[in-house]
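Enquirer: Here it is, the structure, as structure tokens.
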């Protein structure tokens, strides 16, 4: 079983790529409009994901 320390780098990379992709989707007004009409709960969650700071300051300490 891999420890958290061994997988942190790849997990952080995956989060960064996913966050960037979601942010790019939300920049498309047609997608955002569709989500707001049809899947408001998804839109809110996607917005939270897009706002994630991939390099939290707590890890620098």
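In full-length UniProt numbering, the protein residues as written are 1 to 61.
We treat Cβ as the ideally placed atom computed from N, Cα and C, and that holds for glycine.
Fair warning: this is a prediction, and the values are worked out from it, not measured in the lab.
Only counting the same chain, and skipping five residues up and downstream in sequence, which positions put a Cβ closer than 6 Å to that of residue 32?
Expert: So the list reads 26, once near-sequence residues are dropped.
Enquirer: Near residue 48, what residues of its chain come up, given a Cβ to Cβ distance below 8 Å and the 5 sequence neighbours on each side ignored?
Expert: If we look at residue 48 and ignore the five residues flanking it on each side, it has no Cβ neighbours.
Enquirer: Go ahead and pull the three-state DSSP assignment for residue 53.
Expert: Residue state, collapsed to three classes: coil.
Enquirer: Three-state secondary structure (DSSP) at residue 28?
Expert: Of the three classes helix, strand and coil, the one that applies to residue 28 here is coil, per DSSP.
Enquirer: By a C-beta neighbour count over all protein chains shown, 10 Å radius and 16 as the cutoff for buried, is residue 9 buried or exposed?
Expert: Per the 10 Å Cβ criterion, exposed.
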